[in-house]
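Just below is one structure, and these are the notes that go with it.
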């Protein structure tokens, strides 16, 4: 039984055509057609489409010949950098989009949860949204009625079930959304980044629930940047790189080699931060840096058109893949205005970097109007242990978490308990 | 089994049937949310056609003195306004299926046709309220002895609804498939719908269409619907069996064209958002 395949992906290719998708209005398409006829460049083509992918209309393969199988009851983790094809793969699996070539065989019903709360309507109550969302995800009214109480108690929203969800806190909203999806009675469940939301306790509960799901013989396909969560949940893994299957095997093996590669990869060449924004440079100095010492940061952004960068943060990830913290790069002077064909350089200084020694990876969160997204694995920074004056040997980094708290002993006092008892006795004679 | 799309089109009726609960919930959502945060709620369904009817009565009845074939002005215009409202609701609300649901379509798969089908059904809510208004008016006039004679053809009304739904849906699907790529069309549609209304016997009876414009009457599938409705409820209308058959054929052709276009676009739409 265990060797039956719930999911077989065979030679999957997906092609996107840049520049020929259409520009959204008839006028621009006519302009493009006229320009092509006269052998000129399309004035409305996306800049990166021409710069990165060559001529207008040249195909871009998001997936190239990807094949793998998942046996029933397995939890498959998919890892890969931004743009490696993970989301495209999930979209094809969930039938949101179609493959260009290849085929997929599914055994049983598949449901996907590419973003929690899809189709939630703010004016409807929690109860109404459970039914609506469940139906969108493919459940029948009977299924939902049967599991309604379970969903409500899992989401911990019993008292608010008849309140419109627009009055919910974001935590309640997410809990409800996850609860609906987690109770889907399907054979195969697709999950994308779901566990990146909610508070720690709820996240743990979700992880537990996903484990239960898998133990009950359901198959789960899971995509996340959080290697810790992947490692806890998944039994097998695949690693996608530039649309190709780079490695498949046991989850721990695949995740380990993916993390190792992410660590050694210095940011080679400019990374793309959206259609018209590139990362020119992301420099940390000194490198390596000593724990607790200051670190200067240089971020260089190249824009090919005018952009308003409203949000910009450094994201710091530990070797385990967990996010340690962020550095907010916004200034009180308002959003960064990047001019067209210009370089924007931001210099900053982290006053102290109290991290446990190890190799940390740096990403960026950018909202440029074009994209609002996390870009990961852009740079690595090595943190060395600070000299310990006491001459004590330090604990192993593996047990020390991520943060090195700056601590200094102020005073150590001591008195014996006997003295106190004697003193009390003296004041209060029996 | 997931395979690359083939060039032929397919209508996934089994899929839509499996998702019938979703259609019902979309309908419920539309009905429940339409009047949240409005003071008068569904009363708007009564106010809107009444205002429209009064304006028509004043402009076309009292000033332009257009004929209504002897039917009381108020009933004549109200019947046209109510019917037109349902068809144009179906058309207008399904015409933006892709645009309004881009976010949802990009994340979850379900038969896309469930959305426009739900729209056609939930628009029945408005129609029901407005029909109640019309029937009340009709009863008042009838009791006061106005020359209106509802007949057994009234029983055909459900079929007229089906035809209007099919027509509105077919055109809406066609438009939504075309606007998925060229949004320019969205600006033309309100204007085109308005023009079409004046080409339909809403503010004048079909019997008064001049000879040289008679072809308009034949190619417009809404003409027999409106005339048959008036004949059934008011006792005055000019319809021929041939006219009804032509109207039904054109409606069927439009619906099929809409379904074909829609099923083609739904496969590629997500890649072009």
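Residue numbers (the working numbering), protein chains in the order written: chain A, 466 to 895; chain B, 7 to 279. C-beta atoms are modelled at their ideal positions from N, C-alpha and C, and glycine is treated no differently. These figures come from a predicted structure and were not determined experimentally.
Less than 8 Å separates the beta-carbon of residue 775 of chain A from that of residue 800 of chain A. Collapsing the DSSP output to three states places residue 763 of chain A in a strand.
When Cβ pairs closer than 8 Å are counted between the two stretches, the segment 219 to 238 of chain B is seen to touch the segment 157 to 174 of chain B, the count reaching three or more.
DSSP, reduced to helix, strand and coil, places residue 556 of chain A within a helical segment of the structure shown. Bounds of any alpha helix (DSSP H) do not take in residue 826 of chain A; it lies within the beta strand (DSSP E) bounded by 823 to 832.
Of the residues assessed, residue 43 of chain B falls on the exposed side of the cut-off, its CB having fewer than 16 other CB atoms within 10 angstroms.
Ranked by how close their Cα comes to the Cα of residue 93 of chain B, the residues B/129, B/136, B/80, B/179 have B/129 in first place.
Residue 536 of chain A carries a strand assignment under DSSP once its states are collapsed to helix, strand and coil. Straight across, the Cα-Cα distance linking residue 835 of chain A with residue 278 of chain B is about 15 Å. Annotated as distal: residue 113 of chain B and residue 685 of chain A, with beta-carbon spacing of 8 Å or more. Burial state of residue 883 of chain A is exposed, judged by a 10 Å Cβ sphere holding fewer than 16 other Cβ atoms. Exclusion of the five residues before and after residue 47 of chain B leaves 41 as the residues of its chain whose Cβ lies within less than 8 Å of its Cβ.
Using a CB distance below 8 Å, no part of the segment 668 to 682 of chain A faces chain B. Under DSSP, residue 778 of chain A forms a beta bridge with A/793, A/830. For residue 257 of chain B and residue 177 of chain B, the gap between their C-alpha atoms comes out near 9 Å.
In the DSSP assignment, residue 653 of chain A falls within the unbroken beta strand (DSSP E) covering 653 to 657.
What residue 9 of chain B touches in chain A, judged by beta-carbon distance under 7 Å, is 568, going in chain order.
Secondary structure of residue 786 of chain A (DSSP, three-state): coil.
With contact defined as three or more Cβ pairs closer than 8 Å, the segment 803 to 810 of chain A and the segment 700 to 708 of chain A are not in contact. Put simply, the CB of residue 147 of chain B is far from chain A, with every gap to its CB atoms at 8 Å or more. Taken through DSSP and simplified to helix, strand or coil, residue 100 of chain B comes out as helix.
For residue 554 of chain A, none of the residues of chain B pass the 8 Å Cβ criterion, the least Cβ distance being about 11 Å.
Around the Cβ of residue 90 of chain B, a 10 Å sphere holds 16 or more other Cβ atoms; the residue is buried. Any Cβ of chain B closer than 8 Å to the Cβ of residue 564 of chain A would place that residue at the interface, and such an atom is present.
Counting C-beta atoms within 10 angstroms of its own C-beta, residue 567 of chain A has 16 or more neighbours from the protein chains shown and is therefore classed as buried. Counting C-beta pairs with one atom in each stretch, the segment 627 to 637 of chain A and the segment 586 to 599 of chain A have three or more that are closer than 8 Å, which means they touch. In this structure, the CA atom of residue 570 of chain A is about 28 Å from the CA atom of residue 107 of chain B. Contact between residue 693 of chain A and residue 542 of chain A is absent: CB atoms are separated by about 11 Å, not below the 8 Å threshold. For residue 765 of chain A, the closest Cβ of chain B is not nearer than 8 Å. Residue-level contact check: residue 600 of chain A touches chain B, since one or more beta carbons of chain B fall below 8 Å from its beta carbon.
For residue 812 of chain A, the enclosing beta strand (DSSP E) stretches over residues 807 to 815. The beta carbon of residue 72 of chain B sits closer than 8 Å to those of 66, 209, 210, 214, all from its chain and outside the five residues before and after it, given in chain order.
Shortest Cα-Cα distance from residue 715 of chain A to any of A/528, A/544, A/737 involves A/544. Of all residues in the segment 115 to 127 of chain B, those with a C-beta nearer than 7 Å to a C-beta of chain A are 115, 116, reading in chain order. Proximity of chain B to residue 843 of chain A at the Cβ level (cut-off 9 Å) is not reached, the minimal Cβ distance being about 26 Å. Residue 276 of chain B places its beta carbon 8 Å or farther from that of residue 116 of chain B.
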